[in-house]
Amino acid sequence: MVRIDRRRLLGGLAAVAAATRPALAQQAEGNSTRLGALFPFTGPLALLGDEHFRGLELAAEERNAIGGLLGRPIRLMKGDAADPAQAQAEVKRLMGPERSIAVFGTCASPLAFAASQAAELQGIPYIELGAIADPITERGFRLLFRTGPRASEVGRLAVDAIADLLAPAWALPAETLKIALLHEDSLYGQSVATAEEAHLKARGLPLAEKLGYTLRSTEWAPIIQRLRGIGADVLLHAGYQNDILLLYRGLREAAWRPRMVIGAGAGYSLTDTAHAIGPDFEGTLNVDVPQFEVNDRFAPGVKPFLELYRKRYGSEPRSGHSLANYVGARAAFDAIQRAAAPDRDRIRAALAATDLPEGGTANGWGIRFDEKGQNQRARPLLLQWQGGKQVAVAPNEAAMAPLRAQMGAVG
Numbered sequence: 001m002v003r004i005d006r007r008r009l010l011g012g013l014a015a016v017a018a019a020t021r022p023a024l025a026q027q028a029e030g031n032s033t034r035l036g037a038l039f040p041f042t043g044p045l046a047l048l049g050d051e052h053f054r055g056l057e058l059a060a061e062e063r064n065a066i067g068g069l070l071g072r073p074i075r076l077m078k079g080d081a082a083d084p085a086q087a088q089a090e091v092k093r094l095m096g097p098e099r100s101i102a103v104f105g106t107c108a109s110p111l112a113f114a115a116s117q118a119a120e121l122q123g124i125p126y127i128e129l130g131a132i133a134d135p136i137t138e139r140g141f142r143l144l145f146r147t148g149p150r151a152s153e154v155g156r157l158a159v160d161a162i163a164d165l166l167a168p169a170w171a172l173p174a175e176t177l178k179i180a181l182l183h184e185d186s187l188y189g190q191s192v193a194t195a196e197e198a199h200l201k202a203r204g205l206p207l208a209e210k211l212g213y214t215l216r217s218t219e220w221a222p223i224i225q226r227l228r229g230i231g232a233d234v235l236l237h238a239g240y241q242n243d244i245l246l247l248y249r250g251l252r253e254a255a256w257r258p259r260m261v262i263g264a265g266a267g268y269s270l271t272d273t274a275h276a277i278g279p280d281f282e283g284t285l286n287v288d289v290p291q292f293e294v295n296d297r298f299a300p301g302v303k304p305f306l307e308l309y310r311k312r313y314g315s316e317p318r319s320g321h322s323l324a325n326y327v328g329a330r331a332a333f334d335a336i337q338r339a340a341a342p343d344r345d346r347i348r349a350a351l352a353a354t355d356l357p358e359g360g361t362a363n364g365w366g367i368r369f370d371e372k373g374q375n376q377r378a379r380p381l382l383l384q385w386q387g388g389k390q391v392a393v394a395p396n397e398a399a400m401a402p403l404r405a406q407m408g409a410v411g
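Going left to right, the sequence shown walks through residues 1 to 411 as full-length UniProt numbering numbers them.
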């Protein structure tokens, strides 16, 4: 397996540590390579959006420290995608008045679905660094590339965890477990739930209940009452940060919880979520992009990235989404540099030709796009909150600790 060049990473770290935010802002408008940075900087997803953006920002500053892109420094043109309509409008602005040659985004599937459609219609390359819904790359777009995994991979790993890890740990036949699906009703939640339901069927596991909810109008007491009524052993949940907080508050008020909750990235990966919920979040499982408690042999660039992040922002990362966005952005920047011109067809061809083996990036991914623009070498991991940290527990080559088959604080 090819390993990442640690000297290049650390060399970038030393250079970027000397860079400052004003250096990006003060570049002359006509003397920079402009790239759109489209994320939810306001609204309920702002925390998640900002963490995604930081990965792109770090990759851009690293690139600028070694000469920039296409012979000019990168200038990130921020666009606020608070909702799908605003995401589409911002793509048009970023391509028009802001003259961006490509757009990077957006972290949330409903936003990515809308923004990538606008980018395709406008004829501008769109690199999605975080959103996971399968339909995003199922529309035959030519200029869309996604560097991260799909909901289908997330759902498969979540169900496999039930059959292959939890059921044996509980000494119970997997087919006797009562499994419930709970999802918010946007494209993200629907896509994850569809994948999980399909893989439950493929593994011969019964689905006891499937519940969807609308973020802005949900009453949680009836949902929790229903889950308690069926005696759910495992709850598979696809939701954002605020509804995760409400779910766990409702479980605490009901003095009941399933044996295990398995999240699907998004808010389940944020340290802010864990801090807000407290000890009740301990033991919660999650399927998402690689985080920071992962085997060095699997993800060789995690420690250098952590040093880079801490020096730049003066804090710990809020989730591994910044790392995933950094990985995707670096690969895209390399492709744009190979294109040797700000031409959409040349950029598309260079992205399509990208071929990084697994283990060839900081978080352990490889990058190779299929004909739909989907990275075939982006693997989600099974993670668990242990001791206030999100620890990789599967697959074995990434694991830092064994899975604990119970929720709640230990000891």
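Each residue gets a CB set at the ideal place from its N, CA and C atoms; glycine is no exception. Please read all numbers here as calculations on a predicted model, not as lab measurements.
Identify the continuous alpha helix (DSSP H) that holds Glu184 and give its terminal residues.
Segment Ile179 to Glu184 is the beta strand (DSSP E) holding Glu184; no alpha helix (DSSP H) there.
Taking the alpha-carbon positions, what's the Thr284 to Lys389 distance?
For the pair Thr284 and Lys389, the Cα-to-Cα distance works out to about 11 Å.
Inter-residue spacing [alpha-carbon to alpha-carbon] between Val391 and Gly96:
43 Å
Are the Cβ atoms of His321 and Gly105 separated by less than 8 Å?
No.
Is it buried or exposed for Gly314, if we count other Cβ within 10 angstroms and need 16 for buried?
exposed
Is it buried or exposed for Ala231, if we count other Cβ within 10 angstroms and need 16 for buried?
For the record, residue 231 in the displayed sequence is Gly; it is not Ala. By the 10 Å Cβ count, Gly231 comes out exposed.
Which residue spans inside the stretch 134 to 208 form an unbroken alpha helix (DSSP H) run of at least 4?
151 to 161 and 187 to 202
Please go through the stretch 320 to 406 and give each complete alpha helix (DSSP H) segment of 4 or more residues, from N-terminal end onward.
321 to 339 and 344 to 352
Going along the chain, which unbroken runs of the alpha helix (DSSP H) with 4 or more residues stay wholly within the stretch 31 to 66?
Residue ranges of uninterrupted alpha helix (DSSP H) with 4 or more members, entirely inside the stretch 31 to 66 and ordered along the chain, are 46 to 65.
Runs of alpha helix (DSSP H) wholly within the stretch 209 to 268 (minimum 4 residues, chain order):
220 to 230 and 241 to 254
What is the C-beta distance between Leu187 and Phe113, in whole angstroms, given that I count them as a contact (C-beta under 8 Å)?
6 Å
Going straight from the alpha carbon of Arg338 to that of Ala353, what length do you get?
10 Å
Might you give, ordered along the chain, the residues of its own chain that have their beta carbon closer than 6 Å to the beta carbon of Ala60, omitting 5 neighbours on each side?
Ile74 and Leu76
May I ask you to verify whether the stretch 155 to 170 touches the stretch 244 to 257, counting CB pairs closer than 8 Å and requiring at least 3?
no
Counting only the same chain and skipping the five closest in sequence on each side, list residues whose C-beta sits under 7 Å from that of Ala399.
Asn295, Ala392 and Val393
Using C-beta distances below 7 Å, list every residue in its chain close to residue 446, excluding the 5 sequence neighbours before and after it, in chain order.
No answer is possible for residue 446: it lies beyond the span of the chain, which begins at 1 and ends at 411.
Counting along the chain, where does the alpha helix (DSSP H) carrying Phe305 start and finish?
Looking at the DSSP string, the run of the alpha helix (DSSP H) that includes Phe305 is Val302 to Tyr313.
Backbone CA spacing between Leu403 and Leu181 [nearest angstrom]:
If you take the alpha carbons of Leu403 and Leu181, they lie about 21 Å apart.
Tell me whether Leu93 sits in a helix, a strand or coil according to DSSP, three-state version.
According to the sequence as given, residue 93 is Arg; it is not Leu. In this structure, Arg93 counts as helix in the three-state DSSP scheme.
Quick one: what's got a C-beta closer than 6 Å to Leu356's C-beta in the same chain, skipping five residues either side?
Gly366 and Ile367
So does the stretch 316 to 334 actually touch the stretch 135 to 149, counting three or more Cβ pairs closer than 8 Å?
yes
Beta-carbon proximity check, Pro44 vs Asn286, cutoff 8 Å
no
Per DSSP, cross-strand counterpart(s) of Phe104:
Ala37 and Ile127
Using the beta-carbon count (16 or more within 10 Å), is Gln376 buried or exposed?
Exposed.
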